[in-house]
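> Oh and the sequence shown: position 211 is 197 in the working numbering, straight run, nothing missing. Beta carbons: idealized from backbone N, C-alpha and C, even for Gly.
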Amino acid sequence: MSSLFSTYNKWEVEVAKGQGSYLIDTEGKEYLDFVQGIAVNNFGHCHPTITKAVKDQLDLLWHSSNLFQIKQQEEVAKILTEHSVCDHVFFCNSGAEANEAAIKLARKATGKHKIISMKDSFHGRTFATMSATGQEKIHGGFGPLLSSFDYSPFNDTETLLKKVNDDVAAIMIEVVQGEGGVRVLEPSFAKALIELTKEKEILLIIDEVQTGIGRTGSFFAYEQFGLSPDIVTLAKGLGNGFPVGAMLGKAHLNDAFQAGSHGSTFGGNPLAMTAAKAVLEELLAQDFQEIKEKATKWKHVLREELMDHSFVNEVRGLGFLIGIACSGPVNEVITKIRRHGLLVLPAGLNVIRLLPPINVSEQDLNKAVQIIKQSMNESKKEISVS
Ligand SMILES: Cc1ncc(COP(=O)(O)O)c(C=O)c1O
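#1: Shorter than 8 Å, the distance from the beta carbon of Thr202 to the closest heavy atom of ligand 1, or not?
#2: Within 10 angstroms of the Cβ of Ile157, are there 16 or more other Cβ atoms? Answer buried if so, exposed if not.
#3: Can you name the residues that DSSP bridges to Phe76?
#4: May I ask whether a heavy atom of ligand 1 can be found less than 8 Å away from the beta carbon of Arg111?
#5: Runs of 4 residues minimum, wholly inside the segment 93 to 133: which ones carry the alpha helix (DSSP H) assignment?
#6: Taking only heavy atoms of ligand 1 into account, decide whether any of them is closer than 8 Å to the Cβ of Asn373.
#7: Ala354 and Phe29: beta carbons closer than 9 Å?
#8: What residue range is occupied by the uninterrupted alpha helix (DSSP H) comprising Thr219?
#9: Taking Cβ to Cβ, would you say Leu266 is nearer than 9 Å to Val62?
#10: So, for Lys15: in the same chain, excluding its five sequence neighbours on each side, which residues have a beta-carbon less than 6 Å away from its beta-carbon?
#11: Where does the unbroken beta strand (DSSP E) through Lys431 begin, and where does it stop?
#12: If you follow the alpha helix (DSSP H) that Lys263 is in, where does it begin and where does it stop?
#13: Here's the rule: buried if 16 or more other CB atoms are within 10 angstroms of the residue's CB, otherwise exposed. What is Glu13?
#14: Could you check which residue in Val1, Leu44, Thr219 and Ile188 has the C-alpha nearest to that of Lys100?
#15: Quick one: Cα of Phe206 to Cα of Val218, how far?
#16: Could you give the first and the last residue of the continuous alpha helix (DSSP H) run that contains Leu182?
#17: Provide the residue span of the beta strand (DSSP E) that contains Val298, from first to last.
#18: Give me the residue from Gln356, Asp45, Glu300 and Phe306 with the minimum Cα distance to Glu279.
#19: Would you mind giving the Cβ-Cβ distance between Thr115 and Glu160, rounded to the nearest angstrom? I have them listed as a contact below 8 Å.
#20: Going by beta-carbon coordinates alone, are Val40 and Leu257 separated by less than 9 Å?
#21: At a cut-off of 8 Å, is Lys123 close to ligand 1 when judged by its beta-carbon and the heavy atoms of the ligand?
#22: Assign Arg325 to buried or exposed, taking buried as 16 or more other Cβ atoms, counted over all protein chains shown, within 10 Å of its Cβ.
#23: For Gly97 versus Gly334, is the C-beta spacing smaller than 9 Å?
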């Protein structure tokens, strides 16, 4: 019996090694990995320049503390602020921590506590971020939750307008709901967000934990919708596997956080910052247009090859955050796909989520389509025989 708390439904695979788009298990079986640590390894496993940067830093200094000047923090913050609409950065270790910082900053800066988040959103597992998350299955057994959050249906302007009043500090939203079923923000809802937050002086918090760092074909996903968030949160892809998170905020929020307002022992340590800097340098060397075109072409191929299958309702998503919405639970077909050597994830009950690294080859993208198609056809045959 395992000595671990059973907080995860683990697969039968034990991974020994990762290289680029591939993982190799302890029995030598190779998998094409379109999970990538759940949208973490945007540049694939063990990317050579990121690995080298971390290896070099390991021999110099792992951790000092935020009592000291840390050159790498300044460097990473400079890149993030130069390429976003924000001006200041707080470093932490995960997505939940980044969102926790965002919630604290929004409350302190506005003196208000109400935050509107979206139904089916996912913002983390700490108490505040769990409360921000608009999914009952995540809340189960932990009540009473923080009362600050009011959930509005994603892409529903009318309901959002009704919920907004003078008590609202912020609206918190993902540009693509990842865990909630790969749902993309509609341009009309983005427009409503822009107008509403401006008119009512409400802060806009964009959770880019899953969508940021090139995942959707741009540095941040919000850029593609004309949004100008007051606060942006990042984690996952920022370290390409090294645990690191960040909260970015606009200049007008700077005074709300003073020494002692917030902190983290590990946040922004030299090792994490070295990983993040190497990731960001790699990201800035990318041709985003090329990534977008590669991803769009793949989405079309997925549609062409899968849409006539009775199990498939829709192929949707942005960049390399793609969902295949199905007419029933996807767990069985995901297991079949895995046995054929491709790793994919569910998003909710009925959606297969595909998260290849953004530097994936076209050959591997096509290979994945064929494995998914074959696995679905086999499932169909099994259903018709039984
Ligand atoms: C959009 C979003 N926000 C926050 C989180 C929480 O991040 P972490 O697991 O690093 O705390 C996740 C994790 O899946 C996420 O997808």
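Well, looking at it:
#1: no
#2: buried
#3: Met233
#4: yes
#5: 113 to 118 and 122 to 125
#6: In the structure displayed, the chain extends from -13 to 372; residue 373 sits before or after that span and is not available.
#7: no
#8: From DSSP, Thr219 is part of no alpha helix (DSSP H) but of the beta strand (DSSP E) over Ile217 to Leu220.
#9: yes
#10: none
#11: As shown, the chain starts at -13 and ends at 372. That puts residue 431 outside it, with no answer to give.
#12: Pro256 to Leu270
#13: exposed
#14: Ile188
#15: 9 Å
#16: Pro173 to Glu185
#17: Val298 to Leu304
#18: Phe306
#19: About 12 Å; that fails the 8 Å criterion.
#20: yes
#21: no
#22: exposed
#23: no
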